[in-house]
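J.:
Residue numbers (our numbering): 13 to 288.
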């Protein structure tokens, strides 16, 4: 997933359909991200790449006198976000790319938050500079992102079951899930865009892929809908796909404990501040 066409086409539809399992997979990250975001009061929050709206809804519910705006480029995901938000009067959603979103006079955010929604900017330095320019003086930025691919066992293990075509790994700095994995790069991008007080917290957690009476089948189904397995399966011949799924099944069975399948994952919680 590297550009708007993927989020607004078939892939966006799938993520909208799978929002419950996707939210589940981020559980501990969501909890810690919200803890950091709520560490200080806010008047106006902007949820960047809000997706199906979990962060936006939780922020709005926990701060009834504050306003929350969630922006995303997927209309399908925003439909889910609006449906799950009910009638919260302090929350709204907008179809927009945060890299070009313009704040109204009364909605310059003093809190900007994102759960894994900032790694896909085509020009991240320009995007963060634009976002800072739309923010209130002294605004807080809080976002999560995966650490480097090599630190994320879930990515290495899923890649191991996909047939290799001999290609080298993609550019680690290209827009994608691991684009913000290197602390030095993220620090440089944010500083270049005018953000200050940049800090990182490492979070290691279990990415829950399956739960319940048949957690392995749940996980097998989930990975065939979203991520590298789903992309590979769409391009493989039936016999090759079947062999890949057999390897995936064995992998998931190895991570099955007490009615849950979870794979080790590693992310950053990044914080920064706009100049006062």
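Ideal Cβ placement from N, Cα and C applies to all residues, glycine included.
If we count the other Cβ atoms within 10 Å of its Cβ and call it buried at 16 or more, is residue 66 buried or exposed?
T.: Answer is buried; the Cβ neighbour count reaches 16.
J.: Measure the Cβ-Cβ separation of residue 83 and residue 108 and say whether it is below 7 angstroms.
T.: Yes, the pair counts as a contact, with Cβ atoms nearer than the cut-off.
J.: With burial defined as no fewer than 16 other Cβ atoms inside 10 Å of the residue's Cβ, what is the status of residue 15: buried or exposed?
T.: Low confidence applies here, because residue 15 scores a pLDDT of 48, under 50, leaving its location unreliable; read the following figure in that light. It is exposed - the Cβ of residue 15 has fewer than 16 other Cβ atoms within 10 Å.
J.: Go through its chain and collect everything with a Cβ distance to residue 144's Cβ below 7 angstroms, but skip five positions before and after it.
T.: Excluding residues within five positions, the ones whose Cβ falls inside 7 angstroms are 205, 206, 207, 286.
J.: Alpha helix (DSSP H) containing residue 194: first to last residue?
T.: Run containing residue 194: none; DSSP gives neither H nor E here.
J.: With H, G and I counted as helix, E and B as strand and the rest as coil, what does DSSP make of residue 281?
T.: Correct three-state label for residue 281: strand.
J.: Quick one: Cα of residue 163 to Cα of residue 198, how far?
T.: The alpha-carbon atoms of residue 163 and residue 198 are separated by roughly 16 angstroms.
J.: Work out the CA separation of residue 89 and residue 25 for me, nearest whole Å.
T.: Rounded to the nearest angstrom, the two C-alpha atoms are 7 angstroms apart.
J.: So what's residue 241 in DSSP terms, helix, strand or just coil?
T.: Looking at residue 241 - three-state DSSP - the assignment turns out to be helix.
J.: Comparing C-alpha positions only, which one of 279, 85, 173 sits nearest to residue 255?
T.: Looking at the Cα atoms, 173 is the closest of the given residues.
J.: Can you tell which of 242, 122, 110 has the C-alpha that lies nearest to the C-alpha of residue 142?
T.: It is 110 whose Cα lies nearest to the Cα of residue 142.
J.: Taking residue 50 as the reference, give the member of 213, 194, 184, 152 with the closest Cα.
T.: Comparing Cα-Cα distances from residue 50 to each of 213, 194, 184, 152, the minimum goes to 152.
J.: Could you give the first and the last residue of the continuous beta strand (DSSP E) run that contains residue 158?
T.: From DSSP, the beta strand (DSSP E) with residue 158 extends over 152–158.
J.: Go ahead and pull the three-state DSSP assignment for residue 79.
T.: In this structure, residue 79 counts as strand in the three-state DSSP scheme.
J.: So the candidates are 86, 55, 41, 56; which of them puts its Cα closest to the Cα of residue 29?
T.: Considering only alpha carbons, the answer is 86.
J.: Do three or more CB pairs link the segment 217–237 to the segment 109–128 at distances below 8 angstroms?
T.: At 8 angstroms Cβ cutoff, the stretches do not touch.
J.: From residue 271 to residue 227, what distance separates their C-alpha atoms?
T.: Rounded to whole angstroms, residue 271 to residue 227 spans 6 angstroms at the Cα level.
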